[in-house]
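*Asks:* One structure is given below, represented as structure tokens, and several questions about it will come after.
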Amino acid sequence: MKKRLYFIGIILFFLVFITWRFIASKERISGQVDHRSEANANSTSNKSVSSNRPDLSSLSPKNYPGGLPPVKDFVDPKVAKIVAIMASENAQAQDFYGKVVDQYGKPVIGATALGTLLWVQGIDIGEKREQHTTQTDQNGEFQFTGFHASRLAVAITKEGYEMGRAAGVYTAPNEQDKTSATERAIFHMWKLRGAEPMIAYAISTAIPCDGTPTSYDLLTGKKVTAGGDLIIKLVRNPVNINRSKPFDWSVTLAIPSGGLQEINDLYPNEAPADGYQPSVTINMSPEMKNWQAALTHSFYFKSENGQDYGRMTINIQADFQPPPTYFGADIYINPSGSRNLEFDRTKQIRLK
0 MKKRLYFIGI ILFFLVFITW RFIASKERIS GQVDHRSEAN ANSTSNKSVS
50 SNRPDLSSLS PKNYPGGLPP VKDFVDPKVA KIVAIMASEN AQAQDFYGKV
100 VDQYGKPVIG ATALGTLLWV QGIDIGEKRE QHTTQTDQNG EFQFTGFHAS
150 RLAVAITKEG YEMGRAAGVY TAPNEQDKTS ATERAIFHMW KLRGAEPMIA
200 YAISTAIPCD GTPTSYDLLT GKKVTAGGDL IIKLVRNPVN INRSKPFDWS
250 VTLAIPSGGL QEINDLYPNE APADGYQPSV TINMSPEMKN WQAALTHSFY
300 FKSENGQDYG RMTINIQADF QPPPTYFGAD IYINPSGSRN LEFDRTKQIR
350 LK
């Protein structure tokens, strides 16, 4: 009898022990899950506090495909503030007064002014756009008035005219860029005279760094040993350089039978009649604040004593090591003796 009770006691002990282990295990697992959830919550909370950024996910275009909702739709005051700022941006008056003139300062009549209004719409969504057109009057003037948006972009077109994108093509009336009927923004266009047949080609080569001249025949674009129209000399001191440090260098361009003149025009479509220099030298001293190992410059030129006029843009990378270094040029020539440099690829004279 005692043995039976003994075995029954042992069995009950194991059942209680197994039950206790099972309950303890569940509680531990539950505690771990709760701890991780709490940790994640704390991490998210800390991230929000540390970044101090509002949740802008509600401004997604998936939620508001038609644009920004009203400010009152947002509970988060930070988000509401951002929406209010955007709404204020979009409510700005976009009255614009402009005038279009050609290279001679004469008004361009009947040019098309395209005004593109832009509105901010929200996070991860492009600006809303709306376009309006008008024509310049007898004074070359136009205006867009009565519009409200974040921005207004203006582009001018007219057949027979060229509209560039360089600085200076658009001239603001004042430092604030505010226009009015009496203070208009000025757009400068080029009235085309008609392209003439021209030679066009590119040079991409290596040149010495010790001042040894490299010569080219401008009409053929070929390197020649003597009698070239264009002569390039690059001097580097020392010839063998440490590329990690500034070094002294200079380049000289010469056209013995004509000359060069730096281009400062908005539209390089007509070579000047005079003002050419037989050679141009550009120096780069390591003491210069604007020192650089590369440069790009544009020049008008004439050659063959004025029989040929053209323009070129040179590109130099002076820090190739070991020597030689890089010289490149894009060249356009009118071989007829005309100073007209308007280029039409369909009229290009092909080199053989």
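Per numbering that gives the first Met the number 0, the sequence shown runs over residues 0 to 351. The beta carbon of each residue, even a glycine, is placed where N, CA and C say it ideally should be. Quick caveat: nothing in here was measured; it's all calculated off a predicted structure.
Apply the 10 Å Cβ neighbour rule to D343 and answer buried if 16 or more other Cβ atoms are within range, or exposed otherwise.
*Replies:* Residue mapping note: residue 343 aligns to position 344 of the sequence shown, counting from 1. Its Cβ having fewer than 16 others within 10 Å, D343 is exposed.
*Asks:* Is it buried or exposed, K288, if we count other Cβ atoms within 10 angstroms and call 16 or more buried?
*Replies:* Position 289 of the sequence shown, counting from 1, holds the residue named residue 288. Flag for K288 reads exposed.
*Asks:* With 16 as the cutoff for other CB atoms within 10 Å, does E341 come out buried or exposed?
*Replies:* Your numbering for residue 341 matches position 342 in the sequence shown. It is buried - the Cβ of E341 has at least 16 other Cβ atoms within 10 Å.
*Asks:* Whose CA, out of P322, T295 and I206, lies closest to the CA of T312?
*Replies:* Residue 312 sits at position 313 when you count from the first residue of the sequence shown. With distances taken between Cα atoms, T312 lies closest to T295.
*Asks:* Determine the extent of the alpha helix (DSSP H) in which I81 is found, giving its start and end residues.
*Replies:* In the sequence shown, residue 81 corresponds to position 82, counting from 1. Element bounds for I81: P76 to N89.
*Asks:* Nearest by alpha-carbon distance to F298: which of Y275, A317, Q306 and S284 is it?
*Replies:* As a first step, residue 298 is located in the sequence shown; it is residue number 299 there, counting from the start. Taking only the C-alpha atoms, the option nearest F298 is Y275.
*Asks:* Of the choices F319, I122 and I155, whose alpha-carbon is the least far from that of S243?
*Replies:* Position 244 of the sequence shown holds residue 243. It is F319.
*Asks:* I believe T144 touches D94 by the beta-carbon criterion, under 8 Å. Please report the beta-carbon distance rounded to the nearest angstrom.
*Replies:* Stepping through the sequence shown from its first residue, residue 144 is reached at position 145. Stepping through the sequence shown from its first residue, residue 94 is reached at position 95. Sure, about 5 Å apart at Cβ, within 8 Å.
*Asks:* I need the DSSP call for K346, collapsed to helix, strand or coil.
*Replies:* Stepping through the sequence shown from its first residue, residue 346 is reached at position 347. Residue state, collapsed to three classes: helix.
*Asks:* Quick check on I155: buried or exposed, where buried means 16 or more other Cβ atoms within 10 Å of its Cβ?
*Replies:* Here residue 155 is taken as the residue at index 156 of the sequence shown, counted from 1. Buried, by the Cβ-count rule.
*Asks:* Please state if the CB of A92 and the CB of P147 are separated by a distance shorter than 8 Å.
*Replies:* On the sequence shown, position 148 is the one that residue 147 refers to. On the sequence shown, position 93 is the one that residue 92 refers to. Here residue 147 turns out to be His, not Pro, going by the sequence shown. Their beta carbons are under 8 Å apart, which means H147 touches A92 by this criterion.
*Asks:* Count the other CB atoms, across all protein chains shown, that sit within 10 Å of the CB of N333; report buried if there are 16 or more and exposed otherwise.
*Replies:* Taking the first residue of the sequence shown as position 1, residue 333 is located at position 334. Its Cβ being crowded by 16 or more others within 10 Å, N333 is buried.
*Asks:* Please determine, among G97, A83 and Q102, the residue with the shortest C-alpha to C-alpha distance to E269.
*Replies:* Here the question's residue 269 lines up with position 270 in the sequence shown. E269 has its Cα closest to that of Q102, out of G97, A83 and Q102.
*Asks:* Write down the C-beta distance between I231 and I330 rounded to the nearest angstrom, noting that I regard them as a contact closer than 8 Å.
*Replies:* As a working note, residue 231 is residue 232 in the sequence shown. As a working note, residue 330 is residue 331 in the sequence shown. With 8 Å as the limit, I231 and I330 do not qualify as a contact, their Cβ atoms being about 12 Å apart.
*Asks:* What span of residues does the beta strand (DSSP E) with H147 cover, start to end?
*Replies:* Indexing the sequence shown from 1 puts residue 147 at position 148. No beta strand (DSSP E) contains H147, which DSSP labels as neither H nor E.
*Asks:* Going by DSSP, what residues sit across from F300 in a beta bridge?
*Replies:* Reading the sequence shown from its first residue, position 301 is the one you call residue 300. In DSSP, F300 forms a bridge with L259 and G309.
*Asks:* Can you list the alpha helix (DSSP H) stretches of 4 or more residues lying completely in the region 313-337, in chain order?
*Replies:* As far as the region 313-337 is concerned, it has no whole alpha helix (DSSP H) run of at least 4 residues.
*Asks:* Do you know how far the Cα of P106 is from the Cα of D228?
*Replies:* Looking up residue 228 in the sequence shown gives position 229. Looking up residue 106 in the sequence shown gives position 107. Cα-Cα distance, rounded: 40 Å.
*Asks:* Which runs of the beta strand (DSSP E), 3 residues or longer, sit entirely within the region 187-267?
*Replies:* Complete beta strand (DSSP E) runs here, min 3: 197-206, 213-216, 221-223, 229-236, 247-253 and 258-261.
*Asks:* Under 8 Å between the Cβ atoms of K177 and G139?
*Replies:* Residue numbering aside, residue 177 sits at position 178 when the sequence shown is read from its first letter. Residue numbering aside, residue 139 sits at position 140 when the sequence shown is read from its first letter. Cβ distance not < 8 Å, so K177 and G139 don't count as in contact.
*Asks:* Leaving out the 5 sequence neighbours to the left and right, which residues in its chain are closer than 6 Å to M162 when beta-carbon positions are compared?
*Replies:* If you number the sequence shown from 1, residue 162 lands on position 163. Taken in chain order, the residues that qualify are I155 and M188.
*Asks:* When you compare only the Cα positions, how much space is there between G159 and L191?
*Replies:* Position 160 of the sequence shown, counted from the first residue, corresponds to residue 159. Position 192 of the sequence shown, counted from the first residue, corresponds to residue 191. Whole-angstrom Cα-Cα distance: 6 Å.
*Asks:* Does DSSP put I155 in a helix, in a strand, or in coil?
*Replies:* As a position in the sequence shown, residue 155 is number 156, starting the count at 1. I155: strand per DSSP, three-state reduction.
*Asks:* Can you give me the start and stop residues for the beta strand (DSSP E) that G167 sits inside?
*Replies:* Translated into the one-based positions of the sequence shown, residue 167 becomes position 168. Taken as a continuous stretch (DSSP letters only), G167 belongs to no beta strand (DSSP E), as it is neither H nor E.
*Asks:* Take Q306 and list the residues in its own chain whose beta-carbon comes closer than 7 Å to its own, dropping the five residues that flank it on each side.
*Replies:* Stepping through the sequence shown from its first residue, residue 306 is reached at position 307. Around Q306: G336.
*Asks:* With DSSP run on the structure shown, which of helix, strand or coil describes R128?
*Replies:* If you number the sequence shown from 1, residue 128 lands on position 129. Looking at R128 - three-state DSSP - the assignment turns out to be strand.
*Asks:* Taking Cβ to Cβ, would you say Q130 is nearer than 8 Å to G114?
*Replies:* By one-based count along the sequence shown, residue 130 stands at place 131. By one-based count along the sequence shown, residue 114 stands at place 115. For Q130 and G114, yes; Cβs fall inside 8 Å.
*Asks:* Please name the residue in A272, K77, Y266 and T251 whose C-alpha comes closest to that of I281.
*Replies:* On the sequence shown, residue 281 is found 282 positions in, with the first residue counted as 1. Checking every option, the nearest Cα to that of I281 belongs to T251.
*Asks:* By Cβ distance below 7 Å, which residues in the same chain neighbour I348 in space, the five residues on each side in sequence not counted?
*Replies:* Along the sequence shown, read from residue 1 onward, the residue named residue 348 stands at position 349. Same-chain partners within the cutoff: P196, M197 and I198.
*Asks:* Relative to the C-alpha of M283, which residue among Q316, A328 and D136 is closest?
*Replies:* As a first step, residue 283 is located in the sequence shown; it is residue number 284 there, counting from the start. The residue with the shortest Cα to Cα distance from M283 is Q316.
*Asks:* Can you say whether I206 is buried or exposed, counting buried as having 16 or more other CB atoms within 10 angstroms of its CB?
*Replies:* Numbered from 1 along the sequence shown, position 207 holds the residue referred to as residue 206. When all chains shown are included, I206 counts as buried.
*Asks:* What's the call for T135, buried or exposed, on a 16-neighbour Cβ count within 10 Å?
*Replies:* Numbered from its first residue, the sequence shown carries residue 135 at position 136. It counts as buried.
*Asks:* Could you check if W290 is buried or exposed, using at least 16 other CB atoms within 10 Å of its CB as the buried criterion?
*Replies:* Looking up residue 290 in the sequence shown gives position 291. Under this definition W290 is an exposed residue.
*Asks:* Answer with buried or exposed for T324, where buried requires no fewer than 16 other C-beta atoms within 10 angstroms of its C-beta.
*Replies:* The count along the sequence shown starts at 1 and reaches residue 324 at position 325. It counts as buried.
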